[in-house]
Amino acid sequence: MRVLSLNLHGYQEKEPVKKLQIIADSILENDIDIICFSECAQRYFTPIVDRNIKKDNAAYLIQQALNAQGSSQYELHYEKVHFGYFGFVEGLAILSRYPILSCESFYVSAQRSMLTPNTRKVMEVLIKVGNHPIMIYNAHLGFDRKNQFLTQFEKIHERASRHHIPSIITGDFNIDSASIDYMEMMHYGYVDSYSFNQSEGDTWHKGRKSLRLDYMLARSSLNIQQYCHLFKEERVSDHLGILTQFSF
1 MRVLSLNLHG
11 YQEKEPVKKL
21 QIIADSILEN
31 DIDIICFSEC
41 AQRYFTPIVD
51 RNIKKDNAAY
61 LIQQALNAQG
71 SSQYELHYEK
81 VHFGYFGFVE
91 GLAILSRYPI
101 LSCESFYVSA
111 QRSMLTPNTR
121 KVMEVLIKVG
131 NHPIMIYNAH
141 LGFDRKNQFL
151 TQFEKIHERA
161 SRHHIPSIIT
171 GDFNIDSASI
181 DYMEMMHYGY
191 VDSYSFNQSE
201 GDTWHKGRKS
211 LRLDYMLARS
221 SLNIQQYCHL
231 FKEERVSDHL
241 GILTQFSF
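In structure tokens form, the structure reads like this:
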């Protein structure tokens, strides 16, 4: 089972549609099963194509690009979170070619208004991989210190602890791996898939500054076989994609 997490940067990239095609091509090239997106944007006034998904939704366009190449098995779920830049709404999305049994979302921030970027939700997605149920938590956690990262992470951990099945928590956590928050997070008993290939380095780059902000954590019942970063040469976002291969 190969899982990718990527912050799409909310349509702030140059030639964004071209970059969405690059992402779709990489999904096929790397044989990726499950893809978790954050900062997945769509315009507020664009027509709806399915449920809460609009025709310019970034994940929907990636799904359509996959369909055009004969890969129509990817199921899409989307959850809007807050308004972004230039009339866009930003949210979370998941694509899976395994059956999605349920998809819910919950707030981890005190703020719940779409008018503030401090509003944060997490997707909780139950997927069946062969005979194995697995819970995926797709998160984009707050960068404002008032949001208290550990408070938000604890809410995810509490949800994950209710289910006695393998779980993955992934996304842009907005904390650096050298921070106290990171060290406290690792006390919850998760395995950071980065530990299997630490030569990959940071995931977010701006000018000369770079940090590791993107994570894929798993319970020890899942075996991590491979970890790597995607889009290092052909950038599609200010974040790199993180790809992990798991086995049961």
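If you count the sequence shown from 1, position 124 lands on 124 in UniProt numbering, and the numbers rise without skipping.
All C-beta atoms, glycine included, are put in the ideal place defined by N, C-alpha and C.
Only a predicted model underlies this, so the values are computations on that prediction, with no experimental measurement involved.
Quick one: what does DSSP say residue i is sitting in, helix, strand or coil?
i	result
residue 176	coil
residue 16	helix
residue 38	strand
residue 181	helix
residue 210	strand
residue 26	helix
residue 159	helix
residue 186	helix
residue 124	strand
residue 137	strand
residue 152	helix
residue 196	helix
State buried or exposed for residue i, treating a residue as buried only when at least 16 other CB atoms are found within 10 Å of its CB.
i	result
residue 50	exposed
residue 57	buried
residue 223	exposed
residue 246	buried
residue 162	exposed
residue 185	buried
residue 96	buried
residue 183	exposed
If we ignore side chains and look at the alpha-carbon of each, how far apart do residue i and residue j end up?
i	j	result
residue 106	residue 159	10 Å
residue 205	residue 229	13 Å
residue 110	residue 70	43 Å
residue 177	residue 30	26 Å
residue 35	residue 123	12 Å
residue 4	residue 244	7 Å
residue 217	residue 59	23 Å
residue 209	residue 46	35 Å
residue 200	residue 241	11 Å
residue 129	residue 92	21 Å
residue 225	residue 196	8 Å
residue 143	residue 133	32 Å
residue 164	residue 156	14 Å
residue 77	residue 236	21 Å
residue 15	residue 167	35 Å
residue 193	residue 115	34 Å
residue 170	residue 117	20 Å
residue 153	residue 113	20 Å
residue 2	residue 9	22 Å
residue 72	residue 175	35 Å
residue 32	residue 24	10 Å
residue 13	residue 234	12 Å
Out of the options, state which residue places its alpha-carbon closest to the alpha-carbon of residue i.
i	options	result
residue 39	165, 64, 131 and 138	138
residue 80	52, 192, 95 and 222	52
residue 187	213, 219 and 201	219
residue 64	44, 28 and 1	28
residue 7	226, 200, 21 and 41	41
residue 101	194, 125 and 116	125
residue 85	43, 182, 94 and 108	43
residue 131	54, 98 and 140	98
residue 55	88, 19 and 32	88
residue 214	141, 248 and 207	141
In chain order, each beta strand (DSSP E) run of at least 3 residues that lies wholly inside the stretch 31 to 118: Counting only runs of 3 or more, we get 34 to 43, 48 to 50, 75 to 83, 88 to 96 and 100 to 107.
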